[in-house]
Structure formats: structure tokens, C-alpha cells
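In what follows, a structure is listed as C-alpha cells, so that the remarks can point back to it.
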Amino acid sequence: MKVFYSGGLNEELDKAIVDCLKEFGYKRWASGMEIESQVRDLVFDKGKTGG
């Protein structure tokens, strides 16, 4: 997921996204941010499902 910030990193928005996707079984796997463009990358993984 790419999030375009204006004004720097928004930790509250990050937490809200993580909490929302947790409801659907996703966990944050990795994250990063390009400082110049202020593009935030959030990577989520649902893991294995079924048997």
C-alpha cells in the first residue's frame, strides 16, 4: 500500500490503517518512507489460510 503524506510522517494514520486491516486478518510486515517524495510504503501479509 502506498500512502502519500503531506507534512511528514503521520503515525496516527499509520496506526489507523494497521488497526483497520487487522480486522481483516492482515499484519504489517514492513514499512518505509521516501523522505523527498513523502511516499510511505506499508506492506501487509495475511499469512497462510486453510490447511
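Numbering-wise (full-length UniProt numbering), the sequence shown opens with residue 1 and increments by one. Using N, Cα and C, we set each Cβ at its ideal position, and we do this for glycine too.
Cβ separation of residue i and residue j, assumed to be a contact under 8 Å, to the nearest whole Å
| i | j | result |
| --- | --- | --- |
| R28 | L42 | 6 Å |
Rounded straight-line distance, which links the Cα of residue j to that of residue i
| i | j | result |
| --- | --- | --- |
| G47 | A16 | 20 Å |
| D14 | D45 | 16 Å |
| G7 | M33 | 13 Å |
| V18 | K2 | 13 Å |
| I35 | E12 | 18 Å |
Where residue i sits in the DSSP three-state scheme
| i | result |
| --- | --- |
| K22 | helix |
| E12 | helix |
Terminal residues of the beta strand (DSSP E) in which residue i lies
| i | result |
| --- | --- |
| K27 | 27-34 |
| K2 | 2-4 |
7 Å Cβ shell around residue i - same chain, five flanking residues per side excluded
| i | result |
| --- | --- |
| L21 | F44 |
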